[in-house]
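Novice:
Residue numbers (our numbering), protein chains in the order written: chain H, 1 to 158; chain R, 1001 to 1595; chain W, 2001 to 2598.
This is how it looks when you write it as structure tokens:
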């Protein structure tokens, strides 16, 4: 993994987030949510600052980040593609849609295209089963998507 | 005490309320097998995740089997610990664990000491019924500890020791499900993590996932090299535990046999770290008295309490977590390093051997000593003062390999001059021992009087933190003692905010001090009694010594006369003192996940 | 709601919002303004109507017209034709799949006919972001009644008497849980709302929080009063941003109106609620895992007992209930007990919300009286199987539940009956699968989920489920034997018997129930090496239909393993032993469709 040098500005921002939760150990998950919301992901360097600020061991933070699938240590693409693989979507063919995205973008789940444009992730049921299978690109939803429709979705962002 | 009655395996039993099924069964002669469960009673050390599910038993009326280790007895319970349902489940669970475990038992470092191996044997498992993918990880070699996580069974004992007992936090469980693993952050090498090499994780690991970095091969090679003069030193705690490796009674002191064995192994001279312990007292005691003197004269800049610095795990710990307090600990080197420094100068000169032809081997109850020996500040032109450190366990292995019948060896004496020691040096191996030894000498130097009763009972014991007050002729000297790094952390936090009431604090990283060190025989798992017996053996050895105060050691006196000059003097400073480094800002090195 | 002559209720649930509900509402408002109707007709978002299959939905009040599958472009027509001229727009009305009749009033639609909306009583009727609308429908009356008229014991007695059982899956008596927590000594206690709805295909908690957040807040306050807690915590999935937002708005409003905070309604009772976000771990739906997570740890469950009621959040007595359970509380307090106890069966009182999904015509959120049969739900409310296929299985209880088949269709839906037939109520996911689904793949899908979501703490779940999944994979690839099936059952039983938490203990259920219900199909997989649904790719055989083959050799050239034989212009054939089932030949034969799989 490439070494990341955080600007003072960013470090201060992380510290401020920790402080807004009174640096309380029990709030570490809320803190990580907020930090990821601000920076998009949680690389080692950011986890290190959170650990120091919250007075927790780095291994402990890493243990949490890797436990919860919502947290990620790799940056997402500019247009993150999230495919719901809940049961309802599964029975309505989400797997084939996922395969098509993987094929079109030539990346796997959890990966980002080399140009940084797209990334693919699987979501647990988002509860929009009426539109199954459903795919999100960023905040935008594409319901009842078929493998054939994948090309058109991608074309919108290319 | 409130008691309850219940039935275990058709036997009516009565136990104290709050007793777990595991304990209740054990009290009545029923040994339910365990894997993840671990405790050292009386030290508040307990690992009870109820995760391995090996100890499951059947409780009538409960839908599922329950883990005996973590389920409290209830009045009227009817428990079956070996019904067919239980045995089948237990065997299946162990079989599952084996299915994710490399089958390299024949060549595993833990062979013969592996709890999983014992369990499989005890349950008569002859075939791994369920097979499938096994988790594999990069092997992580540090100077002290080797992590082979493929062998990890997720018992979480190491995690508990590292976090709860030691407050080091180098290890944590990461990921989840089949991918879950106990690891340093980002699966980085231990060497890059906040690990202090205390080795407590190794002590408790049931399998070969955590072991010491084995150096016995190197020693064998050097012993057969005719150009080398190989001398050996043995730490005090080794002699009261080594016998356990040969089936001797717990708490047997095997000093004489150990010396005999080392001589038969081919060491050119067999010396004693206890000698260096006496030397440490001379230096550390002098330092304490100097600081005390200044303090009593009203010098506010003087750093008190003075902290002992013999324990390398402890040194690593404060360098990592208390970099702002680096000028508080004593600058005296540890006995191991003092020995190395003297052996490769004074002694080498005496016998006319060049430094580079002299090899110093240490036998230590400790894994952090392996790391300590290779620190840059303990080298002269790249040549280390101590070349190789073996743990008590490694020495036992070496003796066995060399066809020596340990139990029938005669008792032999250490060689002179670096083998002569006082009782003060002996008790270095148990928590409170260093400070007791220091007090014996400091008292006499401070007051000019002879100390009649040398035992300080208030200092002794296995409580995590202790304090005592010693009357130095009207001046009350307050002493603090901690073993286990989380206990040390508490005292250090007080020092940091200026609230410490002590003049001197002794810290040992391991529970019980060196007798419970990371390099000791594995037998003290689950039994504080074993630590007590090892401690008692050390105190007995102290009592049996003619000389019991470090400054009375004639060879120490001679060493100062012939070579060092004054304690705390220029030469002593050059050879016997060190400095500490800020290690809190380690660079994060994230290894490539694809190996 | 009194100043307006008409109301346009646009479904503001996540599902409809994902289908441009925002634009629909925006357009409606703009056109109303344009027509000068701003003060006469109100257009707002409301909670989920439940009929997600036909979303986005717009409902017109007071005439109750129910428009389905509305697009932003329809907004103008709705305003111009319906609002101004009073004509209903036929093409936007729901069409009954059987009679082909257009139905205007939702009350007459098959989807709603048999429903009994109690927990969902406000969803689709009120603006969830407006506390007044909740208050207008008796909101916070129940809290007021409890605080001023009922003692703590009376509240608990009432809940106990109602027979309400936890809707999160376990089915434990809610009143009893409250009573136990109340009776544990301690000055600090907590009320926790479990909104970490993780069962794939279940979205009732989300819909309640999105559509009626105040009812959950009110219920938590009542619970706090009853058990003696003045702090509540909601643990909610981060995947539900809309629910989080609406909950936060509702909390703010409740505080502003003195319904949360210090000295509520002047009674001296203090209560406030904090929101904790989950971070994507199914196991945190297990109450001890949830508590660990709220405390800032990995959400690994811990052994029970001690139960949270004795030692929960921060080791204090904690009462954990799920969203739907809470949603029932105000109703029970407000109404004559009989109104509640007359619904459902003797041991399962009241209603249950289900998320109907899968290969069914009417996907959506439904609330039915307990005791209703699966048949009524699937064929009555659900409108039957999609594309007129046959039903194969219904999965209830999510990854912890089991598959039920046609023979179970007349089983009454209640806690105990479902357990009896090898499934469970769970939190209320109900996924329907048609004849094209393969039983092995079904089990494999759920196991894949469990393997990924297992916390890894206990060995049977961590390793055992992995092994189960591997065995299912083997079976699906044609590498299984009868011994594999025996091992599968054996291991499933041990995992169920020895795992630490509910997730592990129930994880083999999909395997066991498919083994029970589709044994023949498993045997076909391992003995005949056939998958009747064709879902197991490795068990397919590629085959050239002689009559259709013209001998063009295109397939032969495409085959990477030279498995195709035959001369030019004569029919080809596939040598099965060489075929690797890559499908390259089929691609080349699109023109003639001579290659089929079977």
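Positions of the beta carbon are idealized from the N, C-alpha and C atoms, including for glycine. What you are looking at is a predicted structure, and each value in this text was computed from that prediction instead of being measured.
Please determine, among R:1239, R:1272, R:1245, the residue with the shortest C-alpha to C-alpha distance to residue 1233 (chain R).
Specialist: Among R:1239, R:1272, R:1245, the Cα nearest to that of residue 1233 (chain R) is on R:1272.
Novice: Start and end of the beta strand (DSSP E) containing residue 1466 (chain R)?
Specialist: From DSSP, the beta strand (DSSP E) with residue 1466 (chain R) extends over 1465 to 1472.
Novice: Just the C-alpha distance for residue 2069 (chain W) and residue 2094 (chain W), rounded to the nearest angstrom, thanks.
Specialist: Distance between the alpha carbons of residue 2069 (chain W) and residue 2094 (chain W) is about 9 Å.
Novice: Contact between the region 2389 to 2409 of chain W and the region 2420 to 2432 of chain W: three or more CB pairs below 8 Å?
Specialist: Verdict: yes, contact present.
Novice: Residues of the region 84 to 97 of chain H in Cβ contact with chain W at a cutoff of 7 Å, in chain order, please.
Specialist: Residues 86, 87, 88, 90, 91.
Novice: So, residue 2517 (chain W) versus residue 2495 (chain W), is the Cβ gap smaller than 8 Å?
Specialist: No, these two residues do not count as a Cβ contact at 8 Å.
Novice: For the region 2439 to 2465 of chain W, enumerate the residues whose C-beta is nearer than 9 Å to any C-beta of chain R, in chain order.
Specialist: Listed in sequence order: 2450, 2451, 2452, 2453, 2454, 2455, 2456, 2457, 2458, 2459, 2460, 2461, 2462, 2463, 2464, 2465.
Novice: Between which residues of its own chain and residue 2355 (chain W) is the CB-CB distance below 7 Å, once the five residues before and five after are set aside?
Specialist: The answer, listed in chain order, is 2201, 2202, 2203, 2204, 2365, 2428, 2429, 2430.
Novice: Listing by chain order, which chain W residues have their CB less than 9 Å from the CB of residue 1102 (chain R)?
Specialist: The premise fails here: residue 1102 (chain R) is roughly 14 Å from chain W at the closest Cβ pair, so nothing lies under 9 Å.
Novice: What does residue 2487 (chain W) touch in chain R if you count any residue whose Cβ is under 9 Å from its own?
Specialist: Chain R residues near residue 2487 (chain W): 1129, 1130.
Novice: Is the CB of residue 1484 (chain R) under 8 Å away from at least one CB in chain H?
Specialist: It does not; no Cβ of chain H falls within 8 Å.
Novice: Between which two residues does the beta strand (DSSP E) holding residue 2419 (chain W) run?
Specialist: Note, residue 2419 (chain W): premise wrong, no beta strand (DSSP E); alpha helix (DSSP H) at 2415 to 2420.
Novice: Measuring CB to CB, does residue 2511 (chain W) end up less than 8 Å from residue 2488 (chain W)?
Specialist: It is a contact, given that the beta carbons lie within the stated cut-off.
Novice: At a threshold of 7 Å, does residue 2294 (chain W) count as lining the ligand SAM (C-beta to nearest heavy atom)?
Specialist: You won't find the ligand SAM in this model; it holds no ligand whatsoever.
Novice: Strictly below 9 Å CB to CB, what residues from chain W border residue 1018 (chain R)?
Specialist: Near residue 1018 (chain R) there are no residues of chain W at all, since even the closest Cβ is about 12 Å away, more than 9 Å.
Novice: Please look up how many angstroms separate the CB atoms of residue 2602 (chain W) and residue 2501 (chain W), rounded, as I've assumed it's under 8 Å.
Specialist: In the structure as shown, chain W begins at 2001 and stops at 2598. Residue 2602 (chain W) is therefore absent and cannot be evaluated.
Novice: Tell me, please, whether the region 1310 to 1325 of chain R touches the region 1363 to 1381 of chain R by the rule of three or more beta-carbon pairs shorter than 8 Å.
Specialist: The answer is yes - the region 1363 to 1381 of chain R touches the region 1310 to 1325 of chain R, with three or more Cβ pairs under 8 Å.
Novice: Compute the distance between the beta-carbons of residue 2112 (chain W) and residue 2089 (chain W), then report whether it is under 8 Å.
Specialist: No, these two residues do not count as a Cβ contact at 8 Å.
Novice: Taking all protein chains shown into account, do 16 or more other C-beta atoms lie within 10 angstroms of the C-beta of residue 1595 (chain R), making it buried, or fewer, making it exposed?
Specialist: Legend: pLDDT at residue 1595 (chain R) = 47, less than 50; position of this residue unreliable, value from coordinates given subsequently. Looking at its Cβ environment, which holds fewer than 16 other Cβ atoms inside 10 Å, residue 1595 (chain R) is exposed.
Novice: Find the residues of chain R that neighbour residue 2287 (chain W), judging by a C-beta separation of less than 8 Å, and give them in chain order.
Specialist: Going along chain R, no residue has its Cβ under 8 Å from residue 2287 (chain W), so there is no contact; the nearest lies around 16 Å.
Novice: Which residue from R:1137, R:1203, R:1325, R:1424 puts its Cα closest to that of residue 1156 (chain R)?
Specialist: With distances taken between Cα atoms, residue 1156 (chain R) lies closest to R:1203.
Novice: Closest Cβ-Cβ distance between residue 1186 (chain R) and chain H: below 8 Å?
Specialist: Judged by the 8 Å Cβ criterion, residue 1186 (chain R) is in contact with chain H.
Novice: Using only the alpha-carbon positions, how far apart do residue 1281 (chain R) and residue 1518 (chain R) sit?
Specialist: Spanning the two alpha carbons is a distance of roughly 24 Å.
Novice: Would you mind reading off the limits of the beta strand (DSSP E) that contains residue 80 (chain H)?
Specialist: Element bounds for residue 80 (chain H): 79 to 84.
Novice: Considering just the uninterrupted stretch of the beta strand (DSSP E) at residue 1485 (chain R), what are its terminal residues?
Specialist: Note, residue 1485 (chain R): premise wrong, no beta strand (DSSP E); alpha helix (DSSP H) at 1485 to 1496.
Novice: Just the C-alpha distance for residue 1437 (chain R) and residue 1473 (chain R), rounded to the nearest angstrom, thanks.
Specialist: When rounded, the distance between both Cα atoms is 18 Å.
Novice: Please confirm if residue 2507 (chain W) has its CB atom under 8 Å from at least one CB of chain H.
Specialist: Closer than 8 Å: no.
Novice: Starting from residue 2503 (chain W), find everything on chain H with Cβ-Cβ shorter than 8 Å and list it in chain order.
Specialist: Going along chain H, no residue has its Cβ under 8 Å from residue 2503 (chain W), so there is no contact; the nearest lies around 14 Å.
Novice: What are the boundary residues of the alpha helix (DSSP H) that residue 48 (chain H) is part of?
Specialist: 44 to 54 is the extent of the alpha helix (DSSP H) around residue 48 (chain H).
Novice: Determine the chain C residues that contact residue 2052 (chain W) at a beta-carbon separation under 8 Å, and present them in chain order.
Specialist: Checking the listed chains, one finds no chain C in this structure; the protein chains it contains are H, R and W.
Novice: Do residue 1260 (chain R) and residue 1411 (chain R) have their C-beta atoms within less than 8 Å of each other?
Specialist: Yes, the pair counts as a contact, with Cβ atoms nearer than the cut-off.
Novice: Taking the beta carbon of residue 2153 (chain W) as the centre, do at least 16 other beta carbons fall within 10 Å, making it buried, or is it exposed?
Specialist: Answer is exposed; the Cβ neighbour count stays below 16.
Novice: Measure how close the beta-carbons of residue 1194 (chain R) and residue 1371 (chain R) come, nearest whole angstrom, since I'm counting them as under 8 Å.
Specialist: About 13 Å; that fails the 8 Å criterion.
Novice: Within a Cβ cutoff of 6 Å, which residues of the same chain sit near residue 2181 (chain W), ignoring the five residues on either side of it in sequence?
Specialist: Hits under 6 Å: 2227, 2309, 2317, 2319.
Novice: The beta strand (DSSP E) spanning residue 1088 (chain R) covers which residue range?
Specialist: No beta strand (DSSP E) holds residue 1088 (chain R); the alpha helix (DSSP H) holding it covers 1084 to 1099.
Novice: Using a 10 Å radius around the Cβ and a threshold of 16 neighbouring Cβ atoms, would you call residue 20 (chain H) buried or exposed?
Specialist: With fewer than 16 other Cβ atoms within 10 Å, it is exposed.
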